[in-house]
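S.K.:
Protein chains: 2
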Amino acid sequence: MGILSSKVVERLSFYRQLLLKYDNAQQSHVNSAQLSRLTGATQETIRRDLMLIGCQSLNIRKGYLVKDMVDCINKVLDPFELSRIALVGDNDAFTETLLYEYENRHIRLVAVFDFDTVNEAFCRNDMQRFHFDELHDTIRSLDIRLVILNVPGAFTCQTADILINAGVKGIINLSPVHLESKAIYVENLNIITAIEKASYFMKWRQYV
Amino acid sequence: MGILSSKVVERLSFYRQLLLKYDNAQQSHVNSAQLSRLTGATQETIRRDLMLIGCQSLNIRKGYLVKDMVDCINKVLDPFELSRIALVGDNDAFTETLLYEYENRHIRLVAVFDFDTVNEAFCRNDMQRFHFDELHDTIRSLDIRLVILNVPGAFTCQTADILINAGVKGIINLSPVHLESKAIYVENLNIITAIEKASYFMKWRQYV
DNA sequence: AAGCAACTGTTTATTAATTAACAGATCAAA
DNA sequence: TTTGATCTGTTAATTAATAAACAGTTGCTT
Numbered sequence: 020m021g022i023l024s025s026k027v028v029e030r031l032s033f034y035r036q037l038l039l040k041y042d043n044a045q046q047s048h049v050n051s052a053q054l055s056r057l058t059g060a061t062q063e064t065i066r067r068d069l070m071l072i073g074c075q076s077l078n079i080r081k082g083y084l085v086k087d088m089v090d091c092i093n094k095v096l097d098p099f100e101l102s103r104i105a106l107v108g109d110n111d112a113f114t115e116t117l118l119y120e121y122e123n124r125h126i127r128l129v130a131v132f133d134f135d136t137v138n139e140a141f142c143r144n145d146m147q148r149f150h151f152d153e154l155h156d157t158i159r160s161l162d163i164r165l166v167i168l169n170v171p172g173a174f175t176c177q178t179a180d181i182l183i184n185a186g187v188k189g190i191i192n193l194s195p196v197h198l199e200s201k202a203i204y205v206e207n208l209n210i211i212t213a214i215e216k217a218s219y220f221m222k223w224r225q226y227v
Numbered sequence: 020m021g022i023l024s025s026k027v028v029e030r031l032s033f034y035r036q037l038l039l040k041y042d043n044a045q046q047s048h049v050n051s052a053q054l055s056r057l058t059g060a061t062q063e064t065i066r067r068d069l070m071l072i073g074c075q076s077l078n079i080r081k082g083y084l085v086k087d088m089v090d091c092i093n094k095v096l097d098p099f100e101l102s103r104i105a106l107v108g109d110n111d112a113f114t115e116t117l118l119y120e121y122e123n124r125h126i127r128l129v130a131v132f133d134f135d136t137v138n139e140a141f142c143r144n145d146m147q148r149f150h151f152d153e154l155h156d157t158i159r160s161l162d163i164r165l166v167i168l169n170v171p172g173a174f175t176c177q178t179a180d181i182l183i184n185a186g187v188k189g190i191i192n193l194s195p196v197h198l199e200s201k202a203i204y205v206e207n208l209n210i211i212t213a214i215e216k217a218s219y220f221m222k223w224r225q226y227v
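Sequences listed follow chains L and X, in order. Those letters in the first sequence? Residues 20 to 227, by this note's numbering. Those letters in the second sequence? Residues 20 to 227, by this note's numbering.
(1) Val85(X) and Ser47(X): beta carbons closer than 8 Å?
(2) Decide if Ala179(L) is buried, meaning its Cβ has at least 16 other Cβ atoms within 10 Å, or exposed.
(3) Within the same chain, show all residues whose beta-carbon is closer than 8 Å to that of Asp135(L), passing over the 5 residues directly before and after it, in chain order.
(4) Going along chain X, which residues have a C-beta under 9 Å from Ile22(L)?
(5) Please check the pair Leu154(L) and Ile181(L), which I expect to be a contact at CB under 8 Å, by giving their CB distance rounded to whole angstroms.
(6) Do Ser102(L) and Ile126(L) have their CB atoms nearer than 8 Å?
(7) Apart from the five residues just before and just after Leu96(L), which ones in its own chain have a Cβ nearer than 8 Å to its Cβ?
(8) Secondary structure at Tyr41(X), three-state DSSP: helix, strand or coil?
(9) Check this for me: beta carbons of Val187(L) and Arg164(L), under 8 Å apart or not?
(10) Could you give the residue range of the alpha helix (DSSP H) that holds Ile11(L)?
(11) Do Ile211(L) and Arg167(L) come within 8 Å of each other at the CB atom, strictly closer than that value?
(12) Which two residues bound the contiguous alpha helix (DSSP H) that contains Ser160(L)?
(13) Going by the C-beta, is Leu84(X) closer than 7 Å to any heavy atom of the ligand HEM?
(14) Expressed to the nearest angstrom, what Euclidean distance is found between the alpha-carbon atoms of Ser160(X) and Phe149(X)?
(15) Determine the burial state of Asn169(L): buried for a count of at least 16 other Cβ atoms within 10 Å of its Cβ, exposed for fewer.
(16) Please check if any C-beta of chain L sits within less than 8 Å of the C-beta of Val28(X).
(17) Measure the CB-CB distance between Ala217(L) and Glu206(X) and report whether it falls below 8 Å.
(18) When you compare the CB of Asn169(L) with every CB in chain X, is at least one pair closer than 8 Å?
(19) I need the straight-line Cα distance from Glu120(X) to Gly172(L), nearest angstrom please.
(20) Please confirm if Ile191(X) has its CB atom under 8 Å from at least one CB of chain L.
(21) Just to confirm the assignment: which complete beta strand (DSSP E) runs, minimum length 3, are found wholly within the stretch 92 to 143 of chain X?
(22) For the beta strand (DSSP E) that contains Gln147(X), what are its first and last residues?
(23) By the DSSP assignment, the alpha helix (DSSP H) with Ile183(L) in it spans what residues?
(24) Checking 8 Å against the spacing of the C-beta atoms, do Leu117(X) and Leu208(L) come in under that value?
(25) Name the DSSP bridge partner or partners of His197(X)?
(26) Identify the residues that DSSP records as bridge partners of Gly189(L): which are they?
(27) Looking only at C-alpha atoms, which of Ala60(X), Ser200(X) and Ile92(X) sits nearest to Gln75(X)?
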């Protein structure tokens, strides 16, 4: 199977997030119409996405088996081995999410870097807190490849340099300064752009 | 001029963020090749975007006048009147960004809601801190239409309900539970999806 | 003032993504 | 066992987005 497009990967991630809740609710099957209602994607898009990853319905009248679909998506999205990630610039909501809500055995938050002292509320033996000063050395010694960067824009570039220099290969950049790199993978989630986009479409669609 | 596509709006926001730094650096002109290098978009895409909003180069040999381009983008992206926004679930980096880095006279952070007590570091007379208990009443009395939702997934839906009920017309959802609404504008910036996407492409592009 | 170089503005072509359409398979009910 | 409703899997059509191509204009240089 070849590489999938960015949009397909996004949707697969989204389907799985929904299905994991479904699974807990003892719903054994799901069809494309139901998924369409939950996701906003059309039925055809969903079936096509599943076709691309070789996920087939075994019971054509009831739709897809939730467990099967999750397994198929797991095979595509989960890294081969444990991926240790770090959060640079604290955010209680993210920390809580990554530690307690995101139960993916293949991806785990192992370090949080901040200026502040330790926040006792979020301490586990498999997750440690560090001061910014320890950034380079800790990233290197823990062999962290993927980092969520959540610092004010004034620190974005210098922090990114430290990270790349310490061996990081992917940055999810939540800071308001756009990062661009050919050497590593960068995903910019720019809050300023999000606000301006929201304002624009709220104006046009006359929600306001 | 008609409504622009989501991608064009995103790029315009991005161009402006770059140009505002350019402007400070006393660079009077910029051409599409330079912008292309900074943004990753092709020259043609950039020229086409600018054409769409009626932004023209007055000096065809030097490229676009930075000031003019910013003015053109302002006209398209900035709301007619002051847009008061709120941050629900604190995040020091975002608060700092929105208060001190994002100097847009048309969009202003006026309220932060959190469980914690006041963080003295971020207090200004035009921005106030509130407890979650005050969410509904404060949103309504301050007439806030756009909110950044930054809470753990367990609280996403109930908080969104309160917000919508209080008159909010747009939510930028940073929590790990997808929101979908036909009544209001929703922009999901899902950190779980971002992580899974990054892992996927890092694997395929062999950055790891 | 003539010629050249640089960069835009716009049209046309190409590629990507989404939606529509429908044949085929299978389960359920009568 | 037959009929029919339902939902998939896949191909074809449409739409959206990007990239290429190039004519046209202007300023700079000689």
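Just so it is clear, CB atoms sit at the ideal spot from N, CA and C, and this is done for glycine as well. Since this is a predicted model, take the numbers as computed values, not measurements.
M.R.: So, to answer that:
(1) One thing to note: Val85(X) has its Cβ within 8 Å of the Cβ of Ser47(X).
(2) Looking at its Cβ environment, which holds 16 or more other Cβ atoms inside 10 Å, Ala179(L) is buried.
(3) Closer than 8 Å at the Cβ level, and outside the excluded window around Asp135(L), lie Asp109.
(4) Within 9 Å Cβ-Cβ: Tyr219, Phe220, Trp223 and Arg224.
(5) Between Ile181(L) and Leu154(L) the Cβ distance is about 5 Å, and since that is below 8 Å, they are a contact.
(6) Yes, Cβ-Cβ distance for Ser102(L) and Ile126(L) is below 8 Å.
(7) Scanning its chain for C-beta atoms nearer than 8 Å, with the 5 sequence neighbours on each side dropped, one finds around Leu96(L) the residues Val28, Leu31, Ser32 and Arg35, in chain order.
(8) In this structure, Tyr41(X) counts as helix in the three-state DSSP scheme.
(9) At a Cβ-Cβ threshold of 8 Å, Val187(L) and Arg164(L) count as neighbours.
(10) Nothing in the structure corresponds to residue 11(L), since chain L is present only between 20 and 227.
(11) Checking the sequence shown, residue 167(L) turns out to be Ile, not Arg. Going by C-beta atoms, Ile167(L) is not nearer than 8 Å to Ile211(L).
(12) DSSP places Ser160(L) in the uninterrupted alpha helix (DSSP H) bounded by Leu154 to Leu161.
(13) Among the components modelled here there is no ligand, and therefore nothing to report on the ligand HEM.
(14) Cα-Cα distance, rounded: 13 Å.
(15) That one is buried.
(16) Yes, because at least one Cβ of chain L sits closer than 8 Å to the Cβ of Val28(X).
(17) Closer than 8 Å, so yes.
(18) Taking Cβ atoms only, chain X reaches closer than 8 Å to Asn169(L), which makes this a yes.
(19) Taking the straight line from one Cα to the other gives about 8 Å.
(20) Closer than 8 Å: yes.
(21) Within the stretch 92 to 143 of chain X, the complete beta strand (DSSP E) segments of 3 residues or longer fall at 102 to 107 and 126 to 133, listed in chain order.
(22) Gln147 to His150 is the span of the beta strand (DSSP E), which, as asked, contains Gln147(X).
(23) Going by DSSP, Ile183(L) is part of the alpha helix (DSSP H) stretching over Gly172 to Asn184.
(24) Taking 8 Å as the cut-off, the Cβ atoms of Leu117(X) and Leu208(L) do not count as close.
(25) Beta-bridge pairing by DSSP links His197(X) to no other residue.
(26) Checking the DSSP bridge columns, you'll see Gly189(L) partnered with Leu165(L) and Tyr204(L).
(27) Out of Ala60(X), Ser200(X) and Ile92(X), Ile92(X) has the C-alpha closest to the C-alpha of Gln75(X).
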